[in-house]
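**Q** Note that the sequence shown ends on residue 830 in the numbering used here; no numbers are left out.
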Amino acid sequence: LFLPEEPLPAAPAGFLQQLPSYRSALRRRGPREPSGADTGAPRPGPERAARPAREFALSIAEKRSLRDCQQTDIKYLSGWKQWKKASSKSLRKFVNEVKELSSYLKLWRHDIHSIEGKFGTGIQSYFSFLRFLVLLNFIIFILMFSFVTLPSIISKYGVFNSSFAKIPPKNVEPHCTVYKPSGNKGLVYFYTYLKDLLSGTGFLEMTSLFYGYYAIDDAWFSILRYNLPLAYLLATFAYLALSLLWIIKRSVEGFKQNLVHDEDQFQSYCNKVFAGWDFCITDPNAARLKHRSLQYELQTDLEEERMKQKIADRTMKEKLRIYSLRIFINIIVIAVLSGCFYSIYRATVFSQENSNVSIRGDIRTDAANLLVQYLPSMVITLANFIAPQIFSILIGFEDYSPAFEIRLTLMRCVFVRLANIGVLLFSLWSQISYCATDKCKACGYNYELYPCWESQVGQEMYKLMIFDFIIIIAVTLFFDFPRKLLVTHCSCKPVQWCGLQEFGISDNVLEIIYGQTICWIGTFFSPLLPAIATVKYFIIFYIKKISLIHTRKPPARPIRASSSNFFFLVVLLIGLVLAFIPLGISIAHIPSSKACGPFRNYNTSWAVVPATVLGFPTGLQQVLYGIASEAFAVPFFMVICLVMFYFIALAGAHKRVVEQLREQLVMVRFDPLSFL
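1. What does residue 817 pair with, by DSSP beta-bridge criteria?
2. Report the residue ranges of all alpha helix (DSSP H) runs contained in full by the stretch 578-656; include only those spanning at least 4 residues, in chain order.
3. Quick check: the Cα distance between residue 614 and residue 672, rounded to an integer number of angstroms?
4. Using the Cα positions of residue 446 and residue 570, report the straight-line distance between them to the nearest angstrom.
5. In its own chain, which residues sit with a C-beta less than 8 Å from the C-beta of residue 360, not counting the 5 before and 5 after it?
6. Kindly indicate which residue of 494, 393, 602, 253 has the alpha-carbon position closest to the one of residue 573.
7. Distance, Cα to Cα, residue 291 vs residue 682?
8. I'd like to confirm the pairing. Which residues does DSSP put opposite residue 378 in its beta bridges?
9. On the DSSP bridge list, what partners appear for residue 318?
10. Can you name, in chain order, every residue of its own chain whose Cβ lies under 7 Å from the Cβ of residue 724, other than the five neighbours on each side?
11. Identify whether residue 468 lies in helix, strand or coil by the three-state DSSP scheme.
12. Quick check on DSSP: helix, strand or coil for residue 748?
13. If residue 148 and residue 369 are in contact, beta carbons under 8 Å, what's the gap, nearest whole angstrom?
14. What are the boundary residues of the alpha helix (DSSP H) that includes residue 431?
15. If distances are taken between C-alpha atoms only, which option among 564, 617, 788, 280 comes closest to residue 687?
16. With distance defined between alpha-carbon atoms, name the residue in 304, 658, 266 nearest to residue 316.
17. Leaving out five residues on either side along the sequence, give the residues of the same chain with a beta carbon under 8 Å from the beta carbon of residue 786.
18. Terminal residues of the continuous alpha helix (DSSP H) containing residue 753?
19. At a cut of 8 Å, does the stretch 471-486 reach the stretch 542-562 through at least three beta carbon pairs?
20. May I ask you to report which of helix, strand or coil DSSP gives residue 260?
21. Short of 8 Å in beta carbon distance, which residues of its chain neighbour residue 120, apart from the five on each side in sequence? Order them along the chain.
22. Let me confirm a value: residue 431 is counted as buried when at least 16 other C-beta atoms fall within 10 Å, else exposed. Which label applies?
23. Going by Cα to Cα distance, which pick from 660, 236, 642 is closest to residue 652?
24. With DSSP as the reference, label residue 235 as helix, strand or coil.
25. Pull up the distance between the alpha-carbon of residue 195 and that of residue 225, whole angstroms please.
26. State the DSSP-derived secondary structure class of residue 334, mapped to helix, strand or coil.
27. Beta-carbon within less than 7 Å of residue 426's beta-carbon, same chain only, minus the 5 sequence neighbours each way: which residues are those?
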């Protein structure tokens, strides 16, 4: 049926013109040119003349016509404009080729693509997250090595006509500057080196791995002066800022994907069913991988829809039962968390007290000393291993969706793992700051037990990272593989009922976030710790891949990658923010060691910044003091708040327009006249 006498009215677009970006879009689009009379294709306006034809939503014939028009217009341009246009085209082509080449050089590209096809995007998101941490730690290592370790090594060995200066601390009691590392002397047994390697003591204590090695004030390269204390502090701020910006950037990308997915399920289904296949795939193996990936995505959508329908169909009695059960389970969770915190506290106090006794002359074997030193790490690792297992069992009774299960389990495990580090550091700082004598108060810290307390805190972080790595390998070798053999070759009903263990995404993510938080905190006290973390995560990738393929099974309920990736980064951001607290206290509050390190001549590590500013010209000093004053900070904060409120209002306007457009799309979908 056709109704030529009644043309359809134009769709109302008044609300679109209320958008703040509407006029800007018109200005960028430029004036519209009339369509070509002979070809029916639009003539190139300012924007169409600058952009290639393939970027426009036109038919093939119209694109060819547009390209011919662009080539014809080029002939009438001046020589400079022709060269500029050709250069822009060549540069754009070069950038595209570099991007294509870099995609092939991406670390573990084939492995992660294979994991995605076999086990779904949920598990693939974990390995992509692990790759991100490998790259992040490698960049942090390059930063610390280039600005801290390398200048120290070059100046100490006189490379490139360099030298160094060590200024003795002034106005400091002589007993505060005594530091005698426990190095190995005489005949040393092999197990002693092994003990030192595991604990960071002995031959490792005065290497570039720890803070105490960097005991120079200035490095001279010919006539250039390199302020190592300032570089050490600025490098610390740089790697924290780099981590923060990189995580926020990836979180924003994940938030956009998550927002688009959550807005309209129908759009998600259409994208997967009608536009999900890659027609460039020619390899049968790649086609099977893509097919499995789409299958897992659709399975995840159906599972979430089933959970939503189940929640909507609950009766009042079922709601009361499930809410009561959740309250009871949360009480159990709080009890487990309290038990973990108390155990860590008692283990740390016991280790500190007995270590202090051994330092005073108590005769102990090397094995016993190593056990006492590792006791906090062992209890922390044990709590980190047991608590997630309990939470994984309890979460199954709370009847949440797969995505929310991961989030809730992660948040519970975050309190266990990150709070354990906080308890350990609090115990160390209480011992470091405890002074009962006047000689100790003159130094500002417990110089008898901790003559170089920064290196000893670095040793604790080093032990935590090494022991965590040992536990990961041990669980895979002595737990996963024997269980796989039993399930494969033993037909006993109890064994078959247990089956293979699932690859718990939340447990594995918390495992690496815990290690990354240790790395962020420990890098200030051990500048080369990011290199150890890079190697650790590189090996863990292959350990987890082998464990996933050969000893474990994918989760019974599939998990969506879009929401998981975003939440993984949010939890990692929480770990980074929590790492700011101990680092801020160490830098600005606790007095620095007077016997080692680059801040021997300063009361705190932060004191190097005011001392450096005093060396600037008077005008620059006044500018910096003005920026740091309240007269500048208060107006700046108000301007930032106004800008933030503006963007919040802009986002709200965009959201309302998007909702109206969605309503119009629904009306067009069901309006029969729209197809005429």
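All residues carry an ideal CB built from backbone N, CA and C; glycine is no exception.
Note that the coordinates shown come from a computational prediction; the quantities given were computed from them, not determined experimentally.
**A** Based on what the coordinates show:
1. Beta-bridge pairing links residue 817 to no other residue.
2. 592-597, 607-629, 635-643, 647-652
3. 10 Å
4. 36 Å
5. 335, 337, 366, 367
6. 494
7. 10 Å
8. 375
9. 373
10. 405
11. coil
12. coil
13. Since the first residue of the chain shown is 155 and the last is 830, residue 148 is not available in this structure.
14. Segment: none, residue 431 is in no alpha helix (DSSP H) and carries neither H nor E.
15. 617
16. 304
17. 780
18. It is not in any alpha helix (DSSP H) - residue 753 carries neither H nor E in the DSSP assignment.
19. yes
20. coil
21. Outside the shown range of the chain, which is 155 to 830, sits residue 120, and nothing can be said about it.
22. exposed
23. 642
24. helix
25. With a pLDDT of 44 at residue 195, under the threshold of 50, the modelled position of that residue is not reliable, and no figure is offered here.
26. coil
27. 448, 451, 452
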